Amino acid sequence: MNIRIRRWHFEWHQRALYITRLPDPKCPDCDGHGAVTEETAFGPEYDYCHCWDPTPVVRIPLWFRRTESVPF
Ligand SMILES: [Zn+2]
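Residues 8 to 79 in the working numbering are what the sequence shown spells out, letter by letter.
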């Protein structure tokens, strides 16, 4: 389950809700792509732009499972 509201991405994964911030579509550095290219001595290097965070900002575990039986 994936829901996208403006710059926020909501993902339902393994009984938890992950909220991730997406790149800024009006970002002057990456134009909303979320990645910036940096020219180094070893060639171009790709990095995440400062306008977003690829790791989930919030992780909300939702455990509604009831223990119906004792496992032993
Ligand atoms: Zn950016």
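Here a beta-carbon is modelled for each residue, glycine too, at the ideal position from N, C-alpha and C. A quick note: this is a predicted structure, and the numbers were derived from the prediction, not measured.
Ranking Pro51, Ile26 and Gly50 by CA distance to the CA of tryptophan 59 puts Ile26 first. For tyrosine 53 and glycine 39, the gap between their C-alpha atoms comes out near 15 Å.
Closest option to tryptophan 15, judged by alpha-carbon separation, among Asn9, Gln21, Arg28 and Leu24: Arg28.
Less than 8 Å separates the beta-carbon of arginine 22 from that of proline 68. For glycine 41, no beta strand (DSSP E) segment is defined, and its DSSP state is neither H nor E.
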